[in-house]
Amino acid sequence: MSQQFSLPDSLSLDDLQVFLSRAMRLEDGSVRLIASGSVLMVYSAVLYPKGLLDSSATVLGLRTFALGASAEVNTPLDVVVTVRSLLDRVARLSSTITDRSAVVVVAVPIEAGRAAWAGISPPKSGWQPQGEADAAALSAAARAGIDEVASVIPTGTGEQIVHRVRSEVWGRPTPGAELVPAGAAFAAFSLGFLSETEPVRLFSVGPWTRLSTSRGHVLVRRQTALG
136 MSQQFSLPDS
146 LSLDDLQVFL
156 SRAMRLEDGS
166 VRLIASGSVL
176 MVYSAVLYPK
186 GLLDSSATVL
196 GLRTFALGAS
206 AEVNTPLDVV
216 VTVRSLLDRV
226 ARLSSTITDR
236 SAVVVVAVPI
246 EAGRAAWAGI
256 SPPKSGWQPQ
266 GEADAAALSA
276 AARAGIDEVA
286 SVIPTGTGEQ
296 IVHRVRSEVW
306 GRPTPGAELV
316 PAGAAFAAFS
326 LGFLSETEPV
336 RLFSVGPWTR
346 LSTSRGHVLV
356 RRQTALG
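Add 135 to the 1-based position in the sequence shown for the working numbering, that's all there is to it.
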């Protein structure tokens, strides 16, 4: 039996489509879907280590959606699917909708092989407030990093060199928000989570840092001595 989840209306489906489109531009890989209770959590990987000796941080984007009122559809769910397969399915479904206010049922694509980053689950509790960061500063850090990566990496550069350059650029602290690596600013900026009128709230627990706005969350796991 195929797995499904429901969204309250087509506006929520549109929001999901936008998020998936942005996520695919950053990492044309997988997303993790977790449905529990009345909430659907969609995780996407923005940056993550490539191998055991890579000390890069893991940076995840998280967008949450309210589930529609359909108990028989909204059973517990925790799967990893390719971004492209889910985005294609959402786009096809969106084109067939006639009642924009009706509950939308989305069939989950066939599960992809479990990505390494998807085995790292952020804590659900214990987050401690760490103040706020200025959204404009994060946007500036993201743009500066994008420009630097583009200028340093010529077309045709090998994957290992590309990853090393990106890890160096995105591993630096963000000016004015040292708790936030530039890669987290890049994720928040690229996924559309930043707003000129809303500060970014910061939280931490153990090796994790979280950036939160009304538009979404970025979760960062720093490498520890034990990995």
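All residues carry an ideal CB built from backbone N, CA and C; glycine is no exception.
- Valine 284 has its alpha-carbon roughly 13 Å from the corresponding atom of glutamate 294.
- Cβ-Cβ distances below 7 Å link valine 297 to Ile288 in the same chain, with the five nearest sequence neighbours on each side left out; the list follows chain order.
- In terms of Cβ geometry, threonine 231 and alanine 276 do not form a close pair [threshold 8 Å].
- As the crow flies, the alpha-carbon of proline 264 is around 30 Å from that of serine 165.
- The beta strand (DSSP E) runs of length 3 or more contained entirely in the region 148 to 193 are, from start to end of the chain, 165 to 171, 174 to 182.
- In this structure valine 218 is not in contact with glycine 318, their Cβ atoms being roughly 19 Å apart against a cut-off of 8 Å.
- If one requires a minimum length of 4 residues, the alpha helix (DSSP H) runs lying completely within the region 205 to 248 are 218 to 231, in chain order.
- Under the three-state reduction of DSSP output, tryptophan 343 falls in the strand class.
- One alpha carbon belongs to glycine 280, the other to serine 236, and they sit about 41 Å apart.
- Judged by DSSP in its simplified three-state form, glycine 280 adopts helix.
- For glutamate 246, the closest C-alpha among the options Pro258, Gly266, Leu221 is that of Leu221.
- Taking 8 Å as the cut-off, the beta carbon of arginine 227 is found no closer than this to the beta carbon of proline 244.
- Counting only the Cα atoms, glycine 172 lies some 19 Å from histidine 352.
- Across the structure, serine 330 and threonine 348 are spaced so that their CA atoms are roughly 8 Å apart.
- Non-local C-beta neighbours of proline 258 in its own chain, meaning closer than 8 Å and more than five positions away in sequence, comprise Val340, Gly341, Trp343, ordered along the chain.
- The beta carbons of alanine 312 and alanine 268 sit closer together than 8 Å.
- From the listed residues Val153, Arg198, Met159, Thr193, the smallest Cα separation to tyrosine 178 is found for Arg198.
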